[in-house]
Every structure is written in C-alpha cells, then in structure tokens.
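Numbered as in my numbering, the sequence shown ends at 411 without a single skipped number.
From the three backbone atoms N, C-alpha and C, an ideal C-beta is built for every residue, glycine too.
Contents: one structure, followed by commentary.
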Amino acid sequence: MSDVNHVLLVDDDPAVREALSQTLELAEMSVTAAGSFVEAKDHITPSFAGAILSDMRMPGRDGFHLLDYAQKQDADLPVVLLTGEGDIPMAVRAMGAGAFGFLKKPCATDDLVATLGRAMRARAMVLENRRMKAQLETGDAASRMLFGVSKQAEELRARVRAVAMAGAEALILGAPGSGTSKVAEVVHLLSPRAMAPFRKAPAATMTPDTLQSVLDDTEGGTLFLDEIAALPETSQFALLQALDFDEGRPRVLAGSYRDLQAEVAEGRLTPELYYKLDVLRVRIPSLRERPEDIPELFRRYVDIACEQAALPRPEIPPELNARLMAQDWPGNARALMNAAMRFAMGIGDPEEEPGGGLAEQLARVERSLLIEALKRARGNATEAAAALDLPRKTFYDKLTRHAIRAESYR
C-alpha cells in the first residue's frame with residue numbers, strides 16, 4: 002500500500018464503521034474498513050504506508066492484540082485507538098506499549114482528522130527515511146561492487162565505507178586473488194575524492210622518479226600501490242618523504258597479501274613507511290572463510306561473462322553451487338571468476354578441488370542446500386523445510402548449527 006493518506010479502520014460495529022469511513026473520506030483520506038482483527042491483519046504489513054484506527058474493545062482479538070501484532074510487523078506503524086469512557090486507563094497503558102494515540106468515543110471530527118493526519122505524516126517520514134537509507138546502502142559503490150550475503154561481506158562493506166570517509170592512508174590486505182585493487186577503487190569512489198583521479202600501480206615497478214610522476218598525475222585523488230612490500234628500498238624512502246607533504250598530494254592506499262610485520266622484521270619493508278601507511282586497515286576475508294558467498298559471486302560473474310560475450314545465461318544447478326562451496330579456492334575471487342567465465346562459455350564445469358575433510362565438505366554442501374532452499378522460499382522457513390523434506394525442528398536445528406538466519410533471505 003503506497004497511499005500515505007490511507008487509513009485502515011477496524012471496528013466491529015457496522016454503523017460506527019460506516020460513519021467513520023464517510024468522515025475520513027470527506028477529509029480526503031482513503032479508507033479500508035474491517036470488522037475484526039482477522040479481517041484487518043492481512044493489511045498490516047511493514048510496507049503499509051498509512052495509519053491504523055482501531056476500536057479498543059472488540060469480540061475475540063481486541064485493540065491490544067491488534068497493537069501487539071502491528072508492533073511485531075513494524076514497530077513504527079502508527080496505531081490510534083478508539084476508547085470508551087471506561088477504557089481510558091487501558092488506552093494509557095496502550096500508549097506505553099507503543100500506540101501512536103487514542104481518542105475517546107464519540108470523538109470530534111477535527112480531533113480525529115488532526116490525530117490521523119499527524120500519524121500519517123509520521124509514517125510518511127519513517128518510510129522516506131528508510132527509502133533514503135536503503136538507497137544509500139544498496140546503491141553505493143560498496144553494494145554495487147563488493148558482492149556477498151555473508152556476515153563477513155556485510156562487515157567488509159561497512160569497513161570500506163568507514164575507511165573511505167576517514168581520508169587517511171590505509172592498508173588493504175587480502176589473500177592472492179581477493180581483489181585488493183577493487184576494494185581500493187571502492188574506497189576511492191565512496192570518498193570525498195571520488196571526482197578526482199584514481200590510479201593503481203604495481204609497487205615493484207616504482208622507481209623514485211616513476212613514483213613521483215604517478216603521484217603528480219594523481220594529484221588530489223587516490224593512488225593504490227599493489228603489493229607494497231615489493232616497493233624498492235629507494236622508492237620506500239621517496240614515498241615516505243612524499244607522505245609528509247599534505248597539500249595537493251593523493252591519498253595513498255597500499256595493498257598486500259604478505260605478512261607486513263614479518264616483512265618489516267626481515268628488513269624488506271621500512272618500519273617508518275609501514276607505520277605511516279598502517280593508519281587504517283581493510284582486511285578482505287578469503288572465500289574459504291565465507292563459503293555462503295560463493296554461489297552469489299559465481300552467479301554474478303557468470304552474468305558479467307555472458308553480458309560481455311553476448312551469451313545466453315546458463316542455468317546454475319544447485320548441485321554445482323554445492324560443489325563450488327566444497328572447494329578451497331586458494332585463488333579466491335579471481336579463480337572463481339575464471340571458473341565462471343569457462344562455465345558461461347560452455348567449456349566445462351569448474352573443476353572439483355575439494356578442501357578439508359569429508360565432514361567439512363559435507364557441512365559446506367548442507368549449508369549451500371539450506372541457503373538455496375531459503376532463497377527459493379524467500380526466507381519462509383516452513384516452505385524451505387518442506388522443500389527439503391525435513392521436519393521443522395530438524396530444519397531449525399540445522400540453521401542454528403550453520404549460523405543461518407532465515408530472515409536474511411526475505
């Protein structure tokens with residue numbers, strides 16, 4: 002329901018219901034009238050855009066029950082209660098339970114319209130704030146470019162957003178193939194420097210002169226140096242000197258898959274440069290740490306490959322996803338992307354490279370099947386359990402064992 006001037010009216014008295022409906026319609030409000038909680042409950046959803054006006058005393062499920070149900074659906078749903086003379090203490094208690102307001106019957110038209118108007122304006126503001134927040138979180142570069150449904154993926158996106166706004170130097174650490182340069186680009190796109198240049202360069206090729214040239218070319222923007230531990234010693238001192246000057250210079254992000262503290266201890270990385278860069282950190286979790294992200298990443302990579310090569314998108318069977326999750330993927334996102342490209346071009350399924358013991362592989366497969374069932378059922382655990390032919394309790398036990406939340410897939 003998208004009508005912000007909409008009122009869900011719930012009253013068991015047909016005459017009162019009709020009179021209130023006419024009053025509200027004359028005030029240019031649209032009305033859905035219901036004679037009981039049972040009739041009304043299907044309209045009470047988190048997407049409901051208006052206000053709810055309900056009698057306090059009704060046969061069966063009363064106004065308290067309706068208020069409790071509405072609160073569980075969405076704590077910000079405004080519920081205004083109609084009360085009789087003896088219901089005032091109950092109404093005050095309902096206010097404490099989250100009701101938006103209450104009106105004593107019979108209520109003046111002006112009071113009714115004004116109270117519902119405030120409720121609907123409050124609702125409109127809540128929904129607009131949610132829309133803007135969702136647009137910010139789902140429409141930014143972190144959501145568009147850093148894929149995954151796992152807790153680790155969510156934490157990575159949140160960390161990247163925070164680092165982007167901080168503005169200081171940062172280390173971006175991850176195993177080979179994990180996409181340190183891509184994360185650096187997202188940091189740049191989310192930062193106040195987003196309209197300035199973004200450059201990435203392999204640290205191993207940077208002489209002091211080429212380093213200075215790249216710094217000059219990236220003035221005011223962001224420079225990503227890949228594998229900072231490979232930066233030649235003379236260039237390390239040149240970079241350290243450049244970082245001491247703030248005006249006009251680019252922000253420097255440094256990537257590495259090595260243990261940089263070990264590199265410092267063994268003399269390959271200058272301690273002063275390490276600590277100068279280690280103001281902020283972004284650590285990219287490997288695919289082995291978040292196997293539930295593998296089907297999502299593989300599907301997106303297949304889509305990209307098909308779009309680039311103008312190929313029809315092939316169906317990805319659940320058993321393939323299960324097999325992908327059972328692999329270690331030491332090459333991380335890069336290796337998974339290559340496998341997706343081969344699959345998209347029809348030159349064979351990804352090779353099977355199981356990692357871990359049998360129990361670990363079976364656990365990954367089971368987790369994949371649970372997640373796929375929840376996705377198909379849009380987070381409905383009962384439906385997903387039925388699809389897998391599992392008793393409800395067994396299904397929930399498995400969700401708990403694998404730290405899966407059904408509501409994440411709604």
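Thinking residue i and residue j are a contact (beta carbons under 8 Å), I'd like their distance in whole angstroms, please.
{"i": "Ala345", "j": "Gly178", "result": "Incorrect: roughly 19 Å between the Cβ atoms, too far for contact."}
{"i": "Leu147", "j": "Val188", "result": "With a Cβ gap of about 10 Å, Leu147 and Val188 do not count as contacting."}
{"i": "Ala374", "j": "Leu389", "result": "5 Å"}
{"i": "Ala204", "j": "Leu232", "result": "4 Å"}
{"i": "Asp329", "j": "Arg289", "result": "6 Å"}
{"i": "Val81", "j": "Phe101", "result": "5 Å"}
{"i": "Leu325", "j": "Ile295", "result": "5 Å"}
{"i": "Ala34", "j": "Ser22", "result": "5 Å"}
Along the beta strand (DSSP E) that carries residue i, what are the first and last residues, could you check?
{"i": "Pro90", "result": "Premise fails: Pro90 lies in the alpha helix (DSSP H), Ile89 to Gly97, not in any beta strand (DSSP E)."}
{"i": "Ser257", "result": "Arg252 to Ser257"}
What are the partner residues of residue i, as DSSP defines its beta bridges?
{"i": "Val280", "result": "Beta-bridge pairing links Val280 to no other residue."}
{"i": "Arg368", "result": "Answer by DSSP bridge pairing: none, since Arg368 is not bridged."}
{"i": "Phe199", "result": "Thr223"}
{"i": "Leu1", "result": "For the chain, the structure presents residues 2 to 411; residue 1 sits outside this window and is missing."}
{"i": "Ala415", "result": "Any property of residue 415 remains undetermined from this structure, which presents the chain solely from 2 to 411."}
{"i": "Lys105", "result": "Thr84"}
Among the options, whose alpha-carbon lies nearest the alpha-carbon of residue i?
{"i": "Arg252", "options": "Lys201, Leu288 and Ser236", "result": "Lys201"}
{"i": "Glu206", "options": "Gly51, Glu228 and Glu408", "result": "The sequence as given places Thr at residue 206; Glu does not occur at that position. Nearest of Gly51, Glu228 and Glu408 to Thr206, Cα basis: Glu228."}
{"i": "Pro209", "options": "Ser151, Thr235, Ala231 and Pro198", "result": "Thr235"}
{"i": "Gln237", "options": "Thr116, Leu270, Ala306 and Ala197", "result": "Leu270"}
{"i": "Ala340", "options": "Ser369, Asp304 and Ile89", "result": "Asp304"}
{"i": "Leu1", "options": "Ser257, Thr211 and Ala167", "result": "With the chain running from 2 to 411 in the structure shown, residue 1 is simply not present."}
{"i": "Ala334", "options": "Leu21, Ala98, Asp112 and Ala154", "result": "Ala154"}
{"i": "Leu128", "options": "Lys105, Lys42, Pro79 and Arg145", "result": "Pro79"}
{"i": "Arg301", "options": "Met342, Ala266 and Gly64", "result": "Met342"}
{"i": "Asp69", "options": "Ala197, Asp247, His44 and Ala98", "result": "Ala98"}
{"i": "Ser37", "options": "Glu297, Ser55, Ser31 and Asp247", "result": "Ser55"}
{"i": "Ile372", "options": "Glu320, Val280, Ala197 and Ser287", "result": "Glu320"}
{"i": "Pro292", "options": "Ala197, Cys108 and Lys152", "result": "Lys152"}
{"i": "Pro331", "options": "Leu281, Arg132 and Tyr258", "result": "Tyr258"}
{"i": "Thr401", "options": "Arg379, Ala364, Arg18 and Gly85", "result": "Ala364"}
In the DSSP assignment, find the unbroken alpha helix (DSSP H) run with residue i in it and report its ends.
{"i": "Leu216", "result": "Pro209 to Asp218"}
{"i": "Gly64", "result": "Gly64 to Gln74"}
{"i": "Tyr397", "result": "Arg393 to Arg402"}
{"i": "Asp390", "result": "First-last for Asp390: undefined, no H or E at that position."}
{"i": "Glu228", "result": "Neither: Glu228 is in no alpha helix (DSSP H) and is coded neither H nor E."}
{"i": "Arg301", "result": "Ile295 to Ala310"}
{"i": "Phe238", "result": "Glu234 to Leu244"}
{"i": "Met342", "result": "Asn333 to Ala345"}
So with Cβ pairs under 8 Å, would you call residue i a contact of chain C?
{"i": "Arg291", "result": "No chain C is part of this structure, which consists of one protein chain only."}
With three or more C-beta pairs closer than 8 Å as the rule, is the stretch 72 to 83 touching the stretch 49 to 62?
Under the three-pair Cβ rule at 8 Å, the stretch 49 to 62 counts as touching the stretch 72 to 83.
Stretch pair the stretch 209 to 218 + the stretch 242 to 251: three plus CB contacts closer than 8 Å:
Contact between the stretch 209 to 218 and the stretch 242 to 251 is present, because at least three Cβ pairs lie under 8 Å.
Do three or more CB pairs link the stretch 306 to 313 to the stretch 271 to 290 at distances below 8 Å?
Counting Cβ pairs under 8 Å, fewer than three are found: no touch.
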